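Below is one structure; the comments refer to it alone.
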Amino acid sequence: MSLSLSRKGKDVAIALFISAAIFMVDLLTPLWYDAWVLYLVPLFFMFRSVKRPYAYSLVVTLLIVTGLFLHPNSAILMQSAVNRITGIFGGWGVSVLLMRLKQLHVSMLQSHNELEKRLTDLKKLQDLLSQGKKEWEETFDSINDAITIHDRDFNVIRANKTAERLLGLPFLEILGQKCYRLYHGSDCLSEECPSCAVLKTGTPSVVEKFEPSLNKYIEIKAFPLVQDDQNIKVVHVVRDITDRKKMEEFLQHHAYYDSLTGLPNRLLFMEHVRLRLSYARRNRNRVAILFLDLDHFKYINDSLGHTVGDGLLKVVANRLKACIRESDLVARMGGDEFIVILSDITTAEDAAIVGRKIIASLLESFFIESHKVNTTASIGISIYPDDGEGEEDLLKNADIAMYHAKKQGRNTYEFYNIVMNHKN
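Under the numbering used here, think of the first position of the sequence shown as 3, with each following residue one higher.
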């Protein structure tokens, strides 16, 4: 064998030198991953030189396949090396191959960039979902109404902080409990359960009730939460309305009752008069109205003070209630005026009997704030239907009769008579 290098030997040396140079350069650049493609070039030539067609074909295949990953900046080096060493494709063939490889690389690079963008967008979306879930949880727990969610078997699966406070239980002890046991203290469903209505109709339901197990008035709003036909949940929004109910009762009481004596006021009294007159018309019964005014009350109030005056009115109210039947009604009209309605009386004498009882009850002295107080009453009486058909006429005529009683010397009662209108 000649010691001089053959033409092909020189080409291999050149290829190895070029490959090593590219390798050293690519180590210092982001293109290092493309250099290894060129390292196959010497193998291609050597296998071709030793006439091993199978190995030669293998290297050609590796060159083509691995060229898919070739960076465009390495294309010129690849073309030069292949043209110099192989010559089998020809200049045109190698140019076309490298152009295709470059196009494939650009396409793959674009796909890579798009994938990176999608991954970035997905990460942003995940962050938004995570933040949204956190905000939802914070909002859910900050709502002042108790919220629980239960499945179609009435097992609680979610509850907010307000529900924990209302029920007096931590979430882990609420979880899995039957909603009717938590809110109603019952081991079975009730007919008025709003959740039952929701599951039957698929529409919201609202219930207000006093719940003995919680010792509170509560309002329960139940809503369907439909995920699919087989997976229906119910959302309970429970509000403690105890304070509201107490305020409603307070306002209703003060709308119809005198705040000082606790007796019905004029408004409630007139409603009762209308109802009882309507009943009397249907049954042809008689009704009596007694209009009462305390004698010398202004003097007592001015001389002894409003505290004594108010105390006297409260004691008088109690004595008046003791003089009538449970079916009758006494009310305070205002100031020192009281009024009594007697239902189902047979004769006017029945009203006179009550009038005398009232006068007798007031003869006993009153002891108010260490003061001994004495007062009497003047009473006017009107009878339905003799003295009027409506409540306003009966009330007006009883008032007229009361003033005639005062003119008669007070501490007495007078029945209304039409003649009194002319005397006034």
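Where is the CB? At the ideal position from N, CA and C, for every residue including glycine. From a predicted model like this one, the values you see are computed outputs, not experimental measurements.
Whole angstroms is fine: what's the gap from residue i's alpha carbon to residue j's?
i	j	result
Asp-330	Ile-243	35 Å
Gln-112	Cys-181	56 Å
Glu-250	Lys-211	14 Å
Glu-394	Ile-383	14 Å
Gln-179	Arg-120	44 Å
Leu-33	Leu-117	The predicted model places Leu-33 with a pLDDT of 41, which falls under 50 and marks its position as unreliable; any figure quoted below should be read in that light. If I take the Cα positions, the gap works out to 20 Å.
Ala-148	Leu-396	54 Å
Gly-307	Glu-193	57 Å
Leu-174	Leu-322	59 Å
Val-289	Arg-327	14 Å
Phe-368	Asn-423	35 Å
Leu-227	Glu-139	17 Å
Val-275	Tyr-281	10 Å
Val-342	Thr-141	57 Å
Arg-286	Ala-199	47 Å
Opposite residue i in the DSSP bridges: which residues?
i	result
Glu-221	Glu-210 and Arg-241
Thr-205	In DSSP, Thr-205 forms no bridge with anything.
Thr-150	Ala-161 and His-238
Glu-339	Asp-295 and Gly-336
Arg-358	None; Arg-358 has no bridge partner.
Arg-120	Its beta-bridge partners do not exist; DSSP assigns none.
Arg-288	Ile-347
Since residue i is in the alpha helix (DSSP H), which residue starts that stretch and which ends it?
i	result
Phe-299	299 to 306
Tyr-418	That residue, Tyr-418, is in no alpha helix (DSSP H); it is neither H nor E in DSSP.
Phe-1	In the structure displayed, the chain extends from 3 to 426; residue 1 sits before or after that span and is not available.
Glu-366	Glu-366 -> no alpha helix (DSSP H), and no H or E assigned at all.
Phe-271	268 to 285
Leu-265	Counting along the chain, Leu-265 falls outside any alpha helix (DSSP H), and DSSP gives it neither H nor E.
Asp-401	393 to 409
Val-183	Reading off the sequence shown, one finds Arg at residue 183, where the question assumed Val. Looking at the DSSP string, the run of the alpha helix (DSSP H) that includes Arg-183 is 181 to 186.
When the distance is taken between beta carbons, is residue j closer than 9 Å to residue i?
i	j	result
Leu-262	Lys-316	yes
Ser-215	Ser-188	yes
Tyr-415	Leu-292	yes
Leu-296	Val-332	no
Thr-377	His-238	no
Arg-154	Lys-235	yes
Leu-279	Glu-391	yes
Asp-338	Lys-398	no
Phe-340	Leu-277	no
Following the continuous beta strand (DSSP E) through residue i, name the residue where it begins and the one where it ends.
i	result
Lys-374	373 to 375
Leu-331	331 to 336
Leu-216	Segment: none, Leu-216 is in no beta strand (DSSP E) and carries neither H nor E.
Ala-379	379 to 386
Hey, residue i and residue j are a contact pair by Cβ (cut 8 Å); roughly how many whole angstroms apart?
i	j	result
Ser-380	Lys-408	4 Å
Val-158	Leu-184	7 Å
Gly-313	Ile-370	4 Å
Asn-320	Ile-361	About 16 Å; that fails the 8 Å criterion.
Ile-145	Thr-164	6 Å
Say whether chain C places a C-beta atom closer than 9 Å to the C-beta of residue i.
i	result
Ser-329	Chain labels in this structure do not include chain C; a single protein chain is all it has.
Please find out if some non-hydrogen atom of the ligand SAM comes closer than 8 Å to the beta-carbon of residue i.
i	result
Pro-214	This structure simply doesn't include the ligand SAM, nor any ligand for that matter.
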